[in-house]
DNA sequence: GACCAGGCACATC
DNA sequence: GATGTGCATGGT
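Residue numbers (our numbering): 6 to 225.
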């Protein structure tokens with residue numbers, strides 16, 4: 006890892022100054038955040054909002070309510086989020102776990118360690134590393150750093166990480182250079198997504214990117 | 001019409 | 001272990 010190692014915190018401060026607080030994760034309850042974490046897999050958040058609105062309007066945003074639906078019924082509610090059949094199955098997997106282990110309550114999870122949570126969540130079919138970490142950070146408010154395609158793309162574009170760095174390496178990079186702070190991890194990830202949307206689109210050249218200054222300065 | 005969006009599991013080599 | 005593919009709607 007190179008480039009911004011020594012002033013990752015300065016990079017964070019610059020992003021915050023430029024974009025302000027992102028107020029993640031948008032959601033009224035921790036359970037809603039969990040549901041959103043699955044719905045947003047490879048999907049624009051705007052589409053997820055429509056699906057969440059459907060569930061909310063039907064008063065279905067609780068584990069027991071979703072547990073009572075068939076996979077087919079749930080799929081119809083979440084149709085706007087795309088991949089609705091597979092996501093319905095994934096949501097049902099998560100809800101089945103919550104119902105069977107904790108009778109639909111999230112409270113027992115709040116006492117779990119991060120490694121334990123990660124292990125349990127990753128054992129659920131349809132929940133991968135990013136979704137697990139998003140749930141742990143944004144729904145359960147525990148300090149684990151979330152890595153996504155934006156994180157990878159933004160850092161790789163500017164030579165801060167090797168192109169072959171994997172999820173765990175990038176996650177470890179952030180966690181080892183930052184204090185274990187839920188609010189910091191929350192905001193930082195959200196800000197990186199913001200930079201990615203504004204400056205690091207897949208096929209467009211980066212323009213006026215905040216990271217440029219940092220990567221460049223350190224490498225000289 | 002092409003491209004993109006806050007991934008993941010599975011098949012195949 | 002790496003690489004390819006299906007899943008799908010909606011905005012630009």
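Cβ atoms here follow ideal geometry from the backbone N, Cα and C, with glycine treated the same way.
Note that the structure is a prediction, hence the values are computed from the model and not measured.
- Proximity to residue 195 across 156, 206, 160 peaks at 156, based on C-alpha coordinates.
- In this structure residue 131 is in contact with residue 43, their Cβ atoms being roughly 7 Å apart against a cut-off of 8 Å.
- Using a Cβ distance threshold of 8 Å, residue 119 and residue 75 do not count as a contacting pair.
- Assigned with DSSP and collapsed to three states, residue 26 falls in coil, not helix or strand.
- Cβ-Cβ distances below 6 Å link residue 79 to 93 in the same chain, with the five nearest sequence neighbours on each side left out; the list follows chain order.
- Classified as exposed, residue 202 has fewer than 16 neighbouring CB atoms from the shown chains inside 10 Å of its CB.
- Residue 105 carries a helical assignment under DSSP once its states are collapsed to helix, strand and coil.
- If you compare the alpha carbons of 23, 77, 102, 197 with that of residue 39, the shortest gap goes to 102.
- Short of 8 Å from the beta carbon of residue 104, and not among the five residues preceding or following it, lie these beta carbons of its own chain, in chain order: 68, 69, 72.
- Residue 133 sits exposed, since fewer than 16 C-beta atoms from the chains shown fall within 10 Å of its C-beta.
- Spatial neighbours of residue 175 in its own chain (CB-CB distance under 8 Å, excluding positions within 5 residues in sequence) are listed in chain order as 152, 156, 157, 160, 166.
- Contact annotation: residue 85 and residue 52 have beta-carbon atoms nearer than 8 Å.
- Between the C-alpha atoms of residue 61 and residue 22 there is a straight-line separation of about 34 Å.
- One Cα belongs to residue 100, the other to residue 27, and the distance between them is close to 28 Å.
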